[in-house]
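Notes follow the structure.
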Amino acid sequence: MNKRILVVEDDAALARVLRDNLTFCGFDVTCVADGDAALATARQVAPDLVVLDVMLPGTNGFDLCSVLRQGSRAPIIILTARSQKADKLRGLNLGADDYITKPFDLEEFLARVQAVLRRARPSMEQLTLGPVTIDFRSQHATRGGRTLHLTHREFELLQYLAERQERVVHRSELLREVWGYLDVPSTRSVDHAIARLRKKIEADAHHPRFIHTVHGDGYCLTPAGAQSGFPPGAG
């Protein structure tokens, strides 16, 4: 069965371009032009991915992103002319999986659609790290029975590491596969995200048992705690 993509875009010409190119790539595409139609269609067709404009008639895309994220695990790509850093951070914090600004390169857009769908494939559903339990399907985490608040990106990052547990995962791979960058930028995004995760998960963030830095390479997750055979130079 072809993957279903819902395009929420009020620019009819752009919606047609997106529909035609996504259809050519083998997707089943439905286009709507406003927030109310998007919510009704999402309930009806259960899309595998939503491409979402921000400046829409009625409900804006940010509010729509929040509502869609509460009711569905389908990944969301925000596609908008709003290029300010504050807007991008707002969209990602609301649960968007990627944020693309207009004007955009169509080939890059299609590649990022494929990357987001690859990351969204069902795989590991649950992870236990000492007193912490993470349910990736429901995106719910607890620590000692109490709810632990993780962002959507933190769930993605943990799941990616968990699926490759006991292996070193390079920063560049995380930037490509979790953050969605095609060209790996010079950024500390991964390091900052790992630091935040350690504060939430580790008993001592400065002496981690589960999420280890492999200096010069990347990170490694050890669900059973640090092992004697762990790669040299890790901490």
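Using my numbering, you'd call the opening residue of the sequence shown number 1213 and step up by one each time. Heads up, the beta-carbon is just placed ideally off N, CA and C, and yes, glycines get one too. Given the structure is predicted, the values throughout are model-derived calculations rather than measurements.
- Secondary structure in the segment 1312-1385: the beta strand (DSSP E) runs of 3 residues or longer, each lying completely within the stretch, are 1338-1341, 1344-1347, 1352-1355, 1358-1360 in chain order.
- Counting along the chain, the unbroken beta strand (DSSP E) around Val-1219 starts and ends at 1216-1220.
- Counted as a single uninterrupted DSSP element, the stretch harbouring Gly-1303 is not any beta strand (DSSP E) but the alpha helix (DSSP H) occupying residues 1297-1305.
- Under the three-state reduction of DSSP output, Thr-1271 falls in the coil class, being neither helix nor strand.
- Burial check for Gly-1430: the Cβ neighbour count within 10 Å reaches 16 or more, so the residue is buried.
- For Asp-1223, there is no enclosing alpha helix (DSSP H), as DSSP gives it neither H nor E.
- The distance from the Cβ of Ala-1407 to that of Glu-1366 is about 11 Å, inconsistent with a contact at the 8 Å cut-off.
- Beta-bridge pairing by DSSP links Thr-1242 to Leu-1218.
- Pairing Ala-1227 with Val-1390, the inter-Cα distance amounts to about 26 Å.
- The beta-carbon distance between Thr-1292 and Val-1266, rounded to whole angstroms, is 4 Å. This is short enough to meet the 8 Å contact definition.
- Within the same chain, and ignoring the five residues on either side of Glu-1414 in sequence, the residues whose Cβ sits closer than 6 Å to its Cβ are Pro-1420.
- Boundaries of the beta strand (DSSP E) harbouring Gly-1430: 1430-1433, taken from the DSSP string.
- The C-alpha of Arg-1331 is placed about 21 Å away from the C-alpha of Asn-1233.
- Between the alpha carbons of Asp-1222 and Val-1262 lies a distance of about 14 Å.
- Ranked by Cα distance from Arg-1388, the first of Arg-1285, Asp-1310, Thr-1363 is Asp-1310.
- DSSP, read as helix, strand or coil, puts His-1427 in coil.
- Here the alpha carbons of Leu-1306 and Glu-1337 stand approximately 22 Å from one another.
- By the C-beta density criterion, Gly-1247 is buried, having at least 16 other C-beta atoms within 10 angstroms.
- The bridge partners DSSP lists for Leu-1280 come to none.
- In this structure, the beta-carbon distance from His-1364 to Gln-1351 falls below 9 Å.
- For Val-1402, the three-state secondary structure derived from DSSP is helix.
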